[in-house]
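S.K.: One structure, pasted below without further comment.
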Amino acid sequence: MTIRTYFNLRKKRILMVLFGCAVTAIVSALLSVRYEFLFLFTLSGVATAIVVMYCAVIFGFRCPKCRGQWGYLAMYSGKTFSIRKDLKYCPYCGADLDKEI
1 MTIRTYFNLR KKRILMVLFG CAVTAIVSAL LSVRYEFLFL FTLSGVATAI
51 VVMYCAVIFG FRCPKCRGQW GYLAMYSGKT FSIRKDLKYC PYCGADLDKE
101 I
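Heads up, the sequence shown is in UniProt numbering, so the first residue is 1 and it goes up one at a time.
Okay, structure coming up:
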């Protein structure tokens, strides 16, 4: 497994959790019109999504070689489920992203 594949898998997992939080929040918001207590699920879905994004950016992505913080770079660059293709090396230690771990 390469470092790039490792980061892409982490990003996919985090985005799946965020998708689940968003679906929970939207469905419970729509149903809370009829059942008022479901508004709590809307709040919990939004709060969980915020916490997951914060933890993903701060703790979710570290270079396996140097433990450098990649959170913002990994989450907000590239396509939805992958990091940018033009990133070739770790900006902290210079490790090749396409080399086997």
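We treat Cβ as the ideally placed atom computed from N, Cα and C, and that holds for glycine.
Three-state secondary structure (DSSP) at Arg10?
M.R.: Looking at Arg10 - three-state DSSP - the assignment turns out to be helix.
S.K.: Just checking my contact of Arg4 with Ile101 at CB under 8 Å: how many whole Å lie between their CB atoms?
M.R.: Not a contact, Cβ separation roughly 10 Å.
S.K.: Output yes or no for whether 8 Å exceeds the beta carbon distance between Ala22 and Ala47.
M.R.: The answer is no: Cβ separation not under 8 Å.
S.K.: Tell me which residue opens and which closes the alpha helix (DSSP H) that Thr80 is part of.
M.R.: From DSSP, Thr80 is part of no alpha helix (DSSP H); its letter is neither H nor E.
S.K.: Can you look up Tyr89 in the DSSP assignment and give me helix, strand or coil?
M.R.: strand
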